[in-house]
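Trainee: Protein sequence lines, in the order shown, are assigned to chains A and B. The letter at position 301 of the first sequence is residue 301 when you use our numbering, and the numbering goes up by one with no holes. Just so we're on the same page, our numbering is the position in the second sequence counted from 1, plus 1000.
2 protein chains.
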Amino acid sequence: MTALFDDRPFREASHRNGFSGNRIARWSEGRDDSSLERALAAPSSRLYLFAGDKVVLRQQDAIPSSVGHIAPSDAALLEAMGADADSVGGRLLPLWTLAEAADQGLDPDTVVLLGVRAGEAVLAGTVPPREERPPHETAIDLRSLAVQEALPPDDMGALAQARSLLLWHAANRFCARCGGPMRMKNGGSSRVCTVCNTEVFPRVDPVVIMLAVDGDRCLMGRQPQFDAGRYSALAGFLEPGETIEDAVRREIKEESGITVGRVRYHSSQVWPFPSSLMIGCHAEALSTEVVRDAAELEDCRWFEREEVAQMLAGTHPEGLTVPPRMAIAWTLIDAFAGREG
Amino acid sequence: MTALFDDRPFREASHRNGFSGNRIARWSEGRDDSSLERALAAPSSRLYLFAGDKVVLRQQDAIPSSVGHIAPSDAALLEAMGADADSVGGRLLPLWTLAEAADQGLDPDTVVLLGVRAGEAVLAGTVPPREERPPHETAIDLRSLAVQEALPPDDMGALAQARSLLLWHAANRFCARCGGPMRMKNGGSSRVCTVCNTEVFPRVDPVVIMLAVDGDRCLMGRQPQFDAGRYSALAGFLEPGETIEDAVRREIKEESGITVGRVRYHSSQVWPFPSSLMIGCHAEALSTEVVRDAAELEDCRWFEREEVAQMLAGTHPEGLTVPPRMAIAWTLIDAFAGREG
Chain A
1 MTALFDDRPF REASHRNGFS GNRIARWSEG RDDSSLERAL AAPSSRLYLF
51 AGDKVVLRQQ DAIPSSVGHI APSDAALLEA MGADADSVGG RLLPLWTLAE
101 AADQGLDPDT VVLLGVRAGE AVLAGTVPPR EERPPHETAI DLRSLAVQEA
151 LPPDDMGALA QARSLLLWHA ANRFCARCGG PMRMKNGGSS RVCTVCNTEV
201 FPRVDPVVIM LAVDGDRCLM GRQPQFDAGR YSALAGFLEP GETIEDAVRR
251 EIKEESGITV GRVRYHSSQV WPFPSSLMIG CHAEALSTEV VRDAAELEDC
301 RWFEREEVAQ MLAGTHPEGL TVPPRMAIAW TLIDAFAGRE G
Chain B
1001 MTALFDDRPF REASHRNGFS GNRIARWSEG RDDSSLERAL AAPSSRLYLF
1051 AGDKVVLRQQ DAIPSSVGHI APSDAALLEA MGADADSVGG RLLPLWTLAE
1101 AADQGLDPDT VVLLGVRAGE AVLAGTVPPR EERPPHETAI DLRSLAVQEA
1151 LPPDDMGALA QARSLLLWHA ANRFCARCGG PMRMKNGGSS RVCTVCNTEV
1201 FPRVDPVVIM LAVDGDRCLM GRQPQFDAGR YSALAGFLEP GETIEDAVRR
1251 EIKEESGITV GRVRYHSSQV WPFPSSLMIG CHAEALSTEV VRDAAELEDC
1301 RWFEREEVAQ MLAGTHPEGL TVPPRMAIAW TLIDAFAGRE G
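#1: A/G319 to A/C300, Cα distance in whole Å?
#2: In chain order, what are the residue ranges of uninterrupted beta strand (DSSP E) at least 3 long that sit wholly in the region 1088-1128 of chain B?
#3: Alpha helix (DSSP H) containing A/T331: first to last residue?
#4: A/Y265 touches chain B at which residues, Cβ-Cβ below 8 angstroms?
#5: List the residues that DSSP assigns as beta-bridge partners of A/A283.
#6: Is it true that the CB of A/L49 sits closer than 8 angstroms to the CB of A/L98?
#7: Any C-beta of chain B sitting closer than 8 angstroms to the C-beta of A/A146?
#8: Suppose you measure from the CA of B/Q1148 to the CA of B/V1322; what does that come to, to the nearest Å?
#9: With DSSP as the reference, please indicate the residues paired to A/M156 in a beta bridge.
#10: Using a Cβ-Cβ cutoff of 7 angstroms, what residues of the region 318-335 of chain A are near chain B? List them in chain order.
#11: Specify, as a first and last residue, the run of the alpha helix (DSSP H) that A/A247 falls within.
#12: Buried or exposed for A/A62, going by 16 or more other Cβ atoms inside 10 Å?
#13: Quick one: using the 10 Å Cβ neighbour count with 16 as the cut-off for buried, is B/Q1225 buried or exposed?
#14: Mind pulling the chain A residues with CB within less than 9 angstroms of B/Q1269?
#15: My assumption, with CB atoms under 8 angstroms, is that A/T259 sits in contact with A/A13. Please give the rounded CB distance.
#16: State the DSSP-derived secondary structure class of B/V1207, mapped to helix, strand or coil.
#17: Could you tell me whether any non-hydrogen atom of the ligand SAH is closer than 7 angstroms to the CB of B/P1323?
#18: Quick one: list the residues of chain A neighbouring B/L1238, beta-carbon separation under 7 angstroms, in chain order.
#19: Here's the rule: buried if 16 or more other CB atoms are within 10 angstroms of the residue's CB, otherwise exposed. What is B/S1291?
#20: Give me the Cβ distance between A/E242 and B/V1270, rounded to the nearest whole Å; I'm assuming they're in contact under 8 angstroms.
#21: Excluding the 5 residues flanking B/L1036 on each side, which residues of the same chain have their C-beta closer than 6 angstroms to its C-beta?
#22: By alpha-carbon positions, which one of B/D1293, B/V1308, B/P1134 ends up nearest to B/G1229?
#23: Would you say A/F10 reaches chain B, if we count a Cβ-Cβ gap shorter than 8 angstroms as a contact?
#24: Count the CB pairs spanning the region 157-167 of chain A and the region 50-58 of chain A that are closer than 8 angstroms, and state whether there are at least three.
#25: 8 angstroms is my cut-off, CB to CB: does A/F303 come that close to chain B?
#26: Does the separation of the CB atoms of B/V1207 and B/L1277 fall below 8 angstroms?
#27: B/Q1161 touches chain A at which residues, Cβ-Cβ below 9 angstroms?
#28: Is B/V1208 close to chain A? Criterion is C-beta to C-beta, closer than 8 angstroms.
#29: CB-CB under 7 angstroms to B/C1175, same chain, minus the five flanking residues each way: which ones, in chain order?
#30: What do you get for A/E239, buried or exposed, if any count of 16 or more other CB atoms within 10 angstroms of its CB means buried?
#31: Going along the chain, which residues of its own chain have a beta-carbon closer than 7 angstroms to the beta-carbon of B/I1252, five neighbours each way excluded?
#32: Around the Cβ of A/D155, are there at least 16 other Cβ atoms within 10 angstroms (buried) or fewer (exposed)?
#33: Kindly indicate if chain B contains any beta-carbon less than 8 angstroms away from that of A/G280.
#34: Is it right to say B/T1315 is buried, meaning 16 or more other beta carbons lie within 10 angstroms of its own, or is it exposed?
#35: Given that A/C193 touches chain B, what residues does it touch there, using C-beta distances under 8 angstroms?
#36: What in chain B is Cβ-close to A/E254, meaning under 7 angstroms?
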């Protein structure tokens, strides 16, 4: 008899991927419209704030706190990503009290209840973007925060949930069935039409992302908008009427001309841009000749395991790279390379 | 070195699940608005037709055909499901020519291009429901067709794609961002707002469905609307900000109070009611005391492997059952039971 679960220590592959640390209890079933009001009346409630596409953060130097941790000191890189130079190098704090959120100009119509964490209600909302910010305050986009691993995993997971929800509510002001105005329900867990009563729930788009493997080689491509020298796993949206495995085979075929057979699920990732579920797989190549989809990819080719290891280590002689560690593509590529030896 | 893929014959678990046989090449990238027109002008094009919630079918007795195959003769069961008694027992044909579709009253505004199969364009559209149908014509809902395994897998896969797409277009007549009217684009692969140009793509909702396992026992529940004696795997929609594994743990905890640790992906299923991707997993239970969510489940308990085998075989002394073979729940339960011996 084969056991469904072996005795290996529990080290989940999906936990290696960015945004996987969410510890909020959503409590979706027990909610009603008063849940948000009650959370907004509780002094212990805390909010994540977005100004346009950026997370609003405080920087707190050398002050011990149970919230946040020491950010990487790579100030130049963060600055290049659009953050103020004086905002980095310290402890970044992403949570705000209700009073502080009001001072930031919180738009009350945007506020959603994410859930409960450590006994406190956790909410999210949007504030107006600001040209200038006081010292010790900054705003950084979520992807840069993830690349920098600048916040603890539980904050990154909560911010991912927050970003997807805020964008979904903003994009669903009207009923797609009748055109009537919709209102938020149960603190943001759904929206309901004020005319025809149609109820809709937050959308999550499944995306397959996969590394085709041919023995000691894997298939990677580069999109024109990638950083110079960057290659990654192929990916695409799963379409209605497809299993995960069928979507993997179709996407690889469409983008590279490669036929694949067996597909093996590896791990999944929350991808809040705006609201995808990345489903990461390895796929067994049954053909080898690449016929690239020129509309999607600037290049697509096989990479030997040794070359992949150099790309992961940042030691490739021509400076070729793979996505940053927070990306599921990195995890898939690393898992392939790690099979060596 | 451990190989990513072993040498076992390629027998994909997802292919055991209903609706997994779709062979249509979607050709989504290469389409434009003229693709549908051209498909509607080609005499070789074929359509799947839905009348309300039912698939319109011809019955062709004992006439050999490359389309369709012999349906099961369980006329009583099909009749109980709402099909006419005289519609069963023969070969069911789900495809119609353009002229036949016009005779059925095809609504041209609903027609979508599914893709290409064996060199022929495959489309789908809706026709008005009819109280009476001529002999050798019937209409049966898609779930009953799946339970009966009454059509070949490629038709069932195509019908699943068709049903999800037709319902999505019907539910998205207006722009959720601005309330303006939307129009179909590229033969149905997206919709675009005639006012603000927002483009939206067909929605697929990821759902986790999972069997918690505690050694030789698995956890199943029954919803009030299930057939008498029916138990199944627990399931629920994945929410924004969750990995697959996190969603599995949350849903099991919410519905049964059971804490689970390791989660193992098993297979996936297309579920066109209206447009879900069922993601099937086994999960390792870390606790045993069931605290049922009474709002969701009428019962929830552990089942010994032997009892599960009886339920699968239809020999349970109290008549308890599991879902039909086309359901991914069956595949998950069967995989658990099959670990014996």
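Glycine included, every Cβ here is placed at the ideal spot set by N, Cα and C.
Mentor: According to the data block:
#1: Within the first sequence, residue 319 of chain A is the residue found at index 319, counting from 1. Within the first sequence, residue 300 of chain A is the residue found at index 300, counting from 1. Rounded to whole angstroms, A/G319 to A/C300 spans 17 angstroms at the Cα level.
#2: Within the region 1088-1128 of chain B, the runs of beta strand (DSSP E) at least 3 residues long that lie entirely inside it are, in chain order, 1091-1093, 1112-1117, 1120-1127.
#3: Against the first sequence, residue 331 of chain A aligns to sequence position 331. For A/T331, the enclosing alpha helix (DSSP H) covers residues 328-337.
#4: For the purposes of this step, residue 265 of chain A is taken as the residue at position 265 of the first sequence. Residues of chain B passing the Cβ test: Y1265.
#5: Position 283 of the first sequence, counting from 1, holds the residue named residue 283 of chain A. DSSP, once it has assigned bridges, lists A/A212, A/V263 as partnering A/A283.
#6: Within the first sequence, residue 98 of chain A is the residue found at index 98, counting from 1. Within the first sequence, residue 49 of chain A is the residue found at index 49, counting from 1. No, Cβ-Cβ distance for A/L98 and A/L49 is not below 8 angstroms.
#7: Walking along the first sequence from the start, residue 146 of chain A turns up at place 146. With a threshold of 8 angstroms between beta carbons, A/A146 makes no contact with chain B.
#8: Residue 1148 of chain B sits at position 148 when you count from the first residue of the second sequence. Residue 1322 of chain B sits at position 322 when you count from the first residue of the second sequence. Cα to Cα, B/Q1148 sits roughly 15 angstroms from B/V1322.
#9: Here the question's residue 156 of chain A lines up with position 156 in the first sequence. DSSP output for A/M156 lists no bridge partner at all.
#10: Along the region 318-335 of chain A, none of the residues has a CB nearer than 7 angstroms to a CB of chain B.
#11: Within the first sequence, numbered from 1, the residue matching residue 247 of chain A stands at position 247. In the DSSP assignment, A/A247 falls within the alpha helix (DSSP H) that extends over 244-256.
#12: Translated into the one-based positions of the first sequence, residue 62 of chain A becomes position 62. Low local confidence applies: a pLDDT of 40 at A/A62 is under 50, so the model's placement there is unreliable, and no value is given.
#13: One-based indexing of the second sequence puts residue 1225 of chain B at position 225. Within 10 angstroms of the beta-carbon of B/Q1225 lie fewer than 16 other beta-carbons, which makes it exposed.
#14: Locating residue 1269 of chain B in the second sequence gives position 269, counting from the first residue. By Cβ distance, chain A contributes T243.
#15: Taking the first residue of the first sequence as 1, we reach residue 259 of chain A at position 259. Taking the first residue of the first sequence as 1, we reach residue 13 of chain A at position 13. In this structure A/T259 does not touch A/A13 by the C-beta definition: roughly 26 angstroms separates them, more than the 8 angstroms allowed.
#16: The sequence position of residue 1207 of chain B within the second sequence is 207, counting from 1. Strand.
#17: Summarising the ligand content, the structure contains no ligands, and the ligand SAH is consequently not present.
#18: Indexing the second sequence from 1 puts residue 1238 of chain B at position 238. The answer, in chain order, is V204, L277.
#19: Position 291 of the second sequence holds residue 1291 of chain B. Before going on, a small fix: residue 1291 of chain B reads as Val here, not Ser. Counting Cβ neighbours within 10 Å, B/V1291 comes out exposed, since fewer than 16 surround it.
#20: Here the question's residue 242 of chain A lines up with position 242 in the first sequence. Here the question's residue 1270 of chain B lines up with position 270 in the second sequence. About 7 angstroms; that satisfies the 8 angstroms criterion.
#21: Locating residue 1036 of chain B in the second sequence gives position 36, where the first residue counts as 1. Excluding positions up to five away in sequence, the list reads L1113, G1187.
#22: The sequence position of residue 1229 of chain B within the second sequence is 229, counting from 1. When each option's Cα is compared against that of B/G1229, the closest is B/V1308.
#23: Mapped onto the first sequence, residue 10 of chain A falls at position 10. Yes, contact with chain B.
#24: The region 157-167 of chain A vs the region 50-58 of chain A: in contact.
#25: Working through the first sequence from its first residue, we reach residue 303 of chain A at position 303. For A/F303, the answer is no, since every Cβ of chain B falls outside 8 angstroms of its Cβ.
#26: Here residue 1207 of chain B refers to the residue found at position 207 when the second sequence is read from its first residue. Here residue 1277 of chain B refers to the residue found at position 277 when the second sequence is read from its first residue. Yes, these two residues count as a Cβ contact at 8 angstroms.
#27: As a first step, residue 1161 of chain B must be located in the second sequence, where it is residue number 161. Listed along the chain, the chain A residues whose CB falls inside 9 angstroms of the CB of B/Q1161 are E239, P240, G241, E242.
#28: For the purposes of this step, residue 1208 of chain B is taken as the residue at position 208 of the second sequence. Under the 8 angstroms criterion on CB atoms, B/V1208 is classed as non-interfacial with respect to chain A.
#29: As a first step, residue 1175 of chain B is located in the second sequence; it is residue number 175 there, counting from the start. Cβ neighbours of B/C1175 beyond the five flanking positions: M1182, C1193, V1195, C1196, T1198.
#30: Indexing the first sequence from 1 puts residue 239 of chain A at position 239. By the 10 Å Cβ count, A/E239 comes out buried.
#31: Here residue 1252 of chain B is taken as the residue at index 252 of the second sequence, counted from 1. Beyond the five residues adjoining it in sequence on each side, B/I1252 comes within less than 7 angstroms, by CB distance, of M1210, A1212, L1234, I1258, V1260, A1283 in the same chain, given in chain order.
#32: Here residue 155 of chain A refers to the residue found at position 155 when the first sequence is read from its first residue. Burial state of A/D155 is buried, judged by a 10 Å Cβ sphere holding 16 or more other Cβ atoms.
#33: Start at 1 with the first residue of the first sequence, and residue 280 of chain A comes out as number 280. Not a single CB atom of chain B sits nearer than 8 angstroms to the CB of A/G280.
#34: Counting from one through the second sequence, the residue named residue 1315 of chain B turns up at place 315. Per the 10 Å Cβ criterion, exposed.
#35: Position 193 of the first sequence holds residue 193 of chain A. At a beta-carbon threshold of 8 angstroms, none of the residues of chain B lie near A/C193; the nearest stands roughly 10 angstroms away.
#36: Along the first sequence, one-based indexing puts residue 254 of chain A at 254. Under a criterion of Cβ atoms nearer than 7 angstroms, the residues of chain B adjacent to A/E254 are, in order, E1029.
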